[in-house]
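The working numbering puts the first residue of the sequence shown at 1, with every later residue one more than the last.
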Amino acid sequence: MSIKHVFTTVVGITVVTVALAGCSSRSGESAPSKAAAKPSQSQATEQQTPTPTPTSEAAASGVVDVTSDKITDDQMGHTVQADKVVRNFPWTSAQSGLADRDDNEQVLVHVAVTAGDKYYSTMNCLAIRVQAHGSTESYTSQGTTSVVEDAMKAAGYPALTKVEQGQSGEGWCAYSVTDPSDVLDLEYQRNAAASNDGTQITAKDFYAPMTPVAS
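Below, the structure is given as structure tokens:
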């Protein structure tokens, strides 16, 4: 049995893949790029930069279990569901601009995701956001996973890695949330695209409240 892959055309340009998560531009994070040639030992030494260290802000909440509905993308076939959050995760030394604001909180969310198999598409932290409950503005949630990934790993919260077409995975993602509420929302964004068989993929935002489980 042959497997048929459907290729897509985005804004009139035919591309081999639809990687909604990888192609979407999110403030504070960028899509993965191809690895460059391995530098020499001397070049690698010169290019090393200090790892951002956590600041001494308010202590993180520790893991808080939440109940949240599974989000299912009816066109792409992706699914995502949150089951845990960490509130007030410390800012690192590389986040001084965010740490100086009194209306932001760094939140980690643990998610289980599946990338649909209908289109060649991947899922990662770029595909989702954490919002204050009821907020729909893009500027109120900024992805910070790439900045604090080392600090997350050191604290026992390994980051979600890219999930390939038809595969499943789980891990943690980090966000700077403006005016956070007690109940936060998980947001998944689907970008508009078109397949080469004429199927139109419409843009749509999906939301699922994450309600803390009473202890």
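The C-beta atom is built at its ideal place from N, Cα and C for all residues, glycine as well.
Item checked: DSSP-derived helix/strand/coil call for Asp117 -> To locate residue 117, count along the sequence shown from 1; it is residue 117. Three-state DSSP puts Asp117 in coil, outside helix and strand.
Notebook entry, point to check: Is the Cβ-Cβ distance between Val111 and Cys173 less than 8 Å?
Noted result: Reading the sequence shown from its first residue, position 111 is the one you call residue 111. Reading the sequence shown from its first residue, position 173 is the one you call residue 173. Result yes, Cβ atoms of Val111 and Cys173 sit closer than 8 Å.
Item checked: Spatial distance of Val130 from Thr122 (CA atoms) -> Numbered from 1 along the sequence shown, position 130 holds the residue referred to as residue 130. Numbered from 1 along the sequence shown, position 122 holds the residue referred to as residue 122. A straight line joining the alpha-carbon of Val130 with that of Thr122 spans about 19 Å.
Checklist line | Cβ neighbours of Pro212 in the same chain (closer than 6 Å, five flanking residues each side left out) | finding: On the sequence shown, position 212 is the one that residue 212 refers to. Hits under 6 Å: Val64 and Val66.
Next item on the list: Using a threshold of 8 Å, state whether the C-beta atoms of Ser168 and Val113 are closer than that.
Entry: Residue numbering aside, residue 168 sits at position 168 when the sequence shown is read from its first letter. Residue numbering aside, residue 113 sits at position 113 when the sequence shown is read from its first letter. A distance below 8 Å separates the beta carbons of Ser168 and Val113.
Next item on the list: For the alpha helix (DSSP H) containing Thr199, list its first residue and its last residue.
Entry: In the sequence shown, residue 199 corresponds to position 199, counting from 1. DSSP places Thr199 in no alpha helix (DSSP H); its state is neither H nor E.
Margin query: Taking 8 Å as the threshold (C-beta atoms), are Ala132 and Pro90 in contact?
Written below: By 1-based counting over the sequence shown, the position of residue 90 is 90. By 1-based counting over the sequence shown, the position of residue 132 is 132. Using a Cβ distance threshold of 8 Å, Pro90 and Ala132 do not count as a contacting pair.
Notebook entry, point to check: Roughly how many angstroms lie between the CA atoms of Met76 and Thr199, to the nearest whole one?
Noted result: As a working mapping, residue 76 is identified with position 76 in the sequence shown. As a working mapping, residue 199 is identified with position 199 in the sequence shown. Between the alpha carbons of Met76 and Thr199 lies a distance of about 11 Å.
Margin query: Along the chain, where does the alpha helix (DSSP H) containing Ser168 start, and where does it finish?
Written below: By one-based count along the sequence shown, residue 168 stands at place 168. Ser168: not part of any alpha helix (DSSP H); member of the beta strand (DSSP E) spanning Ser168 to Thr178, first to last residue.
Checklist line | Beta carbon of Lys162 nearer than 8 Å to that of Asn124 | finding: As a first step, residue 162 must be located in the sequence shown, where it is residue number 162. As a first step, residue 124 must be located in the sequence shown, where it is residue number 124. Yes, these two residues count as a Cβ contact at 8 Å.
Check: What number of angstroms, rounded off, separates the C-alpha of Gly116 from the C-alpha of Val109?
Finding: Reading the sequence shown from its first residue, position 116 is the one you call residue 116. Reading the sequence shown from its first residue, position 109 is the one you call residue 109. The alpha-carbon atoms of Gly116 and Val109 are separated by roughly 21 Å.
Margin query: Can you give me the C-alpha to C-alpha distance between Pro209 and Ser141, rounded to a whole angstrom?
Written below: Here residue 209 refers to the residue found at position 209 of the sequence shown. Here residue 141 refers to the residue found at position 141 of the sequence shown. Approximately 15 Å, taken between the alpha carbons.
Next item on the list: Quick one: grab the DSSP three-state call for Gln189.
Entry: For this step, residue 189 is matched to residue 189 along the sequence shown. Collapsing the DSSP output to three states places Gln189 in a strand.
Note to self: DSSP three-state label for Ser40, please.
What the structure shows: Start at 1 with the first residue of the sequence shown, and residue 40 comes out as number 40. At Ser40, the pLDDT of 43 sits below 50, so the modelled position is not reliable; the number obtained from the coordinates is stated separately. Coil.
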